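Following: one structure in structure tokens, then a few remarks.
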Amino acid sequence: FESVLEGASVVCIEDYDKGVCTPAVCRSVIEMARSRGIPVLVDPAGREDSVRYAGASIVTPNRTEAELVTRLEPPLEGGIEHGYTLAGAYLESCPVDAVVVTLDRDGAILQERNGPPLHLPTRARSVYDVTGAGDMVLAALAAAVANDLSLGDAVRLSNVAAGLEVET
241 FESVLEGASV
251 VCIEDYDKGV
261 CTPAVCRSVI
271 EMARSRGIPV
281 LVDPAGREDS
291 VRYAGASIVT
301 PNRTEAELVT
311 RLEPPLEGGI
321 EHGYTLAGAY
331 LESCPVDAVV
341 VTLDRDGAIL
351 QERNGPPLHL
361 PTRARSVYDV
371 TGAGDMVLAA
381 LAAAVANDLS
391 LGDAVRLSNV
401 AAGLEVET
């Protein structure tokens with residue numbers, strides 16, 4: 241990892257909960273990248289513990305993953321207000337710079353540590369298969385961050401890319 245870090249503009253951790261992204265591996269990757277000023281973006285696994293991602297620049301949990309970490313019960317109708325609550329609670333539970341909670345048809349909520357939450361709506365689409373949506377969010381977000389887009393514009397781009405990924 242250290243040998244390829246020199247030319248990196250951004251580092252992504254895609255945690256599939258298969259045993260590779262252990263707390264020690266995540267901590268080392270995040271520390272090495274951040275010590276060089278390289279942002280670290282994380283698509284977290286669905287687990288109750290987010291400590292392994294401490295120090296990351298941005299974490300992108302979906303609604304269910306955020307509910308696991310925050311231990312907040314989903315309301316009967318998820319909605320945007322629940323997304324705001326999840327984003328704030330996730331940021332309180334994990335020392336990262338920002339969280340982007342993806343909310344399926346409700347878009348995404350961006351919550352930066354030192355700023356107000358921002359809802360980024362998505363366009364309704366005919367969904368074929370949601371597989372790969374989180375991967376696409378992370379990839380598009382990484383491309384945007386590497387090219388110095390604002391975080392709001394980066395999330396807008398990742399939202400569009402994820403929608404195209406799952407569309408029929």
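The numbering of the sequence shown is our numbering, which starts it at 241 and goes up by one. The beta carbon of each residue, even a glycine, is placed where N, CA and C say it ideally should be. Small disclaimer: the values here were computed from a predicted structure and weren't measured.
For the pair of segments examined, the segment 254-273 was found not to touch the segment 305-318: the number of CB pairs separated by less than 8 Å stays below three. Here L308 is not near A382, since their CB atoms are 9 Å or more apart. Secondary structure of C266 (DSSP, three-state): helix. The Cβ-Cβ distance between L350 and L391 falls below 9 Å. In the three-state reduction of the DSSP assignment, I320 falls in the helix class.
With fewer than 16 other Cβ atoms from the protein chains shown falling within 10 Å of its own Cβ, D289 counts as exposed. If you draw a 10 Å sphere on the C-beta of P361, you find fewer than 16 other C-beta atoms in it, and that means exposed. The beta strand (DSSP E) runs of length 3 or more contained entirely in the segment 324-390 are, from start to end of the chain, 338-342, 348-352 and 358-360. With contacts defined as CB atoms closer than 9 Å, P357 and Y324 qualify as a contacting pair.
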